[in-house]
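K.L.:
I am attaching a structure below and will ask some questions about it afterwards.
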Amino acid sequence: MAFQPIYDAVEQRVWGYEALVRGIGGEGAFEVLSKVSPDQMYRFDQDCRTKAIELAARLFPAEEGLKLSINFLPKAVYEPAACLRATLNAARRFSFPMSSIMFEFTENEEVRDTGHLTNIITEYRRHGFTTALDDFGAGYAGLGLLADFQPDLIKIDMKLIRGIDTSPARRAVVDGILAIAGDLDITVLAEGIETEQEFEVLKESGIRLFQGYWFAKPAFEELPQVRAA
Numbered sequence: 011m012a013f014q015p016i017y018d019a020v021e022q023r024v025w026g027y028e029a030l031v032r033g034i035g036g037e038g039a040f041e042v043l044s045k046v047s048p049d050q051m052y053r054f055d056q057d058c059r060t061k062a063i064e065l066a067a068r069l070f071p072a073e074e075g076l077k078l079s080i081n082f083l084p085k086a087v088y089e090p091a092a093c094l095r096a097t098l099n100a101a102r103r104f105s106f107p108m109s110s111i112m113f114e115f116t117e118n119e120e121v122r123d124t125g126h127l128t129n130i131i132t133e134y135r136r137h138g139f140t141t142a143l144d145d146f147g148a149g150y151a152g153l154g155l156l157a158d159f160q161p162d163l164i165k166i167d168m169k170l171i172r173g174i175d176t177s178p179a180r181r182a183v184v185d186g187i188l189a190i191a192g193d194l195d196i197t198v199l200a201e202g203i204e205t206e207q208e209f210e211v212l213k214e215s216g217i218r219l220f221q222g223y224w225f226a227k228p229a230f231e232e233l234p235q236v237r238a239a
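Adding 10 to a residue's 1-based position in the sequence shown gives its number in the working numbering.
Structure representation (structure tokens):
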């Protein structure tokens, strides 16, 4: 796993880290996932969760209360309670607080069973986990999905972020997302920040949490040094 920081612009410190799957030769997530067959996806998802928790327990300074963000595929979760057993066991085994775990999911296909996703979120919250919707504003992760269920946090996709400092249209769209998220009591995170100008515009709009190469690139099995904003 590699770790990329999530920065809190209000507290001016790292809020947490996203765990990103990597191959042993440094291969990216897309390349790794392309080699996982459908019948192996559940086991792979479970092993990634366990590995992320194991590493975070070793790397995270305990006194800072950092969040660990773990990606998962909803279609790999056949039954929420049963699929959480490995996660709960790993958290206990490595003495990692469950309240510090955030699960984020993304959809590259249309969600046909929103009831299944609602059940996942309900079960995860019951155990004290935070839930997040990744890539919001791209593909199928949009307003229709948000109308059916509400996660604790949404991550605005980098396609809406890129060049926002020179794009009134992008600023208007992001302002609309912020207004909706505020009404639904959902936290907003801007991902894919690559320039100081993008960061400043989004911070002024009221966004608190940020992630992107401008702060730090993912580091393999270690916590990278973070640019202080």
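Here a beta-carbon is modelled for each residue, glycine too, at the ideal position from N, C-alpha and C.
As the structure is a prediction and not an experimental result, all values here were calculated from the model.
Alpha carbon to alpha carbon, how far is A179 from S79? Give it in angstroms, no decimals.
P.N.:
If I take the Cα positions, the gap works out to 30 Å.
K.L.:
Looking at the strands, I want to know which residues DSSP matches up with V236.
P.N.:
Partner(s): none; V236 has no beta bridge.
K.L.:
Would you kindly report the start and end of the unbroken alpha helix (DSSP H) that includes I131?
P.N.:
It spans T124 to R136 - the alpha helix (DSSP H) in which I131 sits, taken as one unbroken run.
K.L.:
Report the rounded CA-to-CA distance for I174 versus E206, giving the unit in angstroms.
P.N.:
Distance between the alpha carbons of I174 and E206: 11 Å.
K.L.:
I'd like to know whether the C-beta atoms of L143 and I164 end up nearer to each other than 9 Å.
P.N.:
For L143 and I164, yes; Cβs fall inside 9 Å.
K.L.:
Would you tell me roughly how many angstroms separate the C-alpha atoms of M51 and L43, rounded to the nearest one?
P.N.:
Near 9 Å, if we compare the C-alpha coordinates of L43 and M51.
K.L.:
Return the CA-CA distance between G192 and F209, expressed in angstroms with no decimal places.
P.N.:
About 20 Å.
K.L.:
Got a sec, what are the start and stop residues for the alpha helix (DSSP H) L155 sits in?
P.N.:
Its alpha helix (DSSP H) spans residues L153 to D158.
K.L.:
Tell me whether the beta-carbon of S215 lies closer than 9 Å to the beta-carbon of D195.
P.N.:
Not a contact, by the Cβ cut-off of 9 Å.
K.L.:
Let me make sure I understand the geometry here. Which of P228, L94 and N129 has the alpha-carbon closest to that of R32?
P.N.:
If we check each option's Cα against that of R32, P228 comes out closest.
K.L.:
How many Å lie between S105 and A96 at the Cα?
P.N.:
Looking at the two C-alpha atoms, the distance is approximately 14 Å.
K.L.:
What residues are listed by DSSP as bridge partners for Q14?
P.N.:
Q14 is bridged to E28.
K.L.:
On the premise that D162 lies in contact with T140, defined as a C-beta separation below 8 Å, what is that separation, rounded to the nearest angstrom?
P.N.:
T140 to D162, Cβ: 5 Å. Contact.
K.L.:
Suppose contacts are defined by Cβ-Cβ distances below 9 Å. Is L76 in contact with A29 by that definition?
P.N.:
Result no, Cβ atoms of L76 and A29 do not sit closer than 9 Å.
K.L.:
Return helix, strand or coil for Q50, following the three-state DSSP convention.
P.N.:
DSSP places Q50 in helix when its eight states are reduced to three.
K.L.:
Taking only the alpha-carbon atoms, compute the straight-line gap between K213 and I166 and give it to the nearest angstrom.
P.N.:
Between K213 and I166, the C-alpha separation is close to 13 Å.
K.L.:
Excluding the five sequence neighbours on either side, which residues of its own chain have a C-beta within less than 8 Å of the C-beta of H137, listed in chain order?
P.N.:
L94, L98 and M108.
K.L.:
Write down the C-beta distance between F240 and Y134 rounded to the nearest angstrom, noting that I regard them as a contact closer than 8 Å.
P.N.:
The requested residue 240 does not occur in the structure, where the chain is confined to residues 11 to 239.
K.L.:
To the nearest angstrom, how far is the alpha carbon of F115 from that of S177?
P.N.:
Using only the alpha carbons, I get a separation of about 28 Å.
K.L.:
Short check: CB of Y17 to CB of F220, under 9 Å?
P.N.:
Taking 9 Å as the Cβ cut-off, Y17 and F220 qualify as a contacting pair.
K.L.:
I'd like the span of the beta strand (DSSP E) that includes D145, first residue to last.
P.N.:
From DSSP, the beta strand (DSSP E) with D145 extends over T140 to F146.
K.L.:
P234 and P15 look like a contact to me (Cβ under 8 Å); what is the Cβ gap, rounded to whole Å?
P.N.:
So it is a contact: roughly 7 Å between Cβ atoms.
K.L.:
Secondary structure at F104, three-state DSSP: helix, strand or coil?
P.N.:
Reduced to three states, the DSSP call for F104 is coil.
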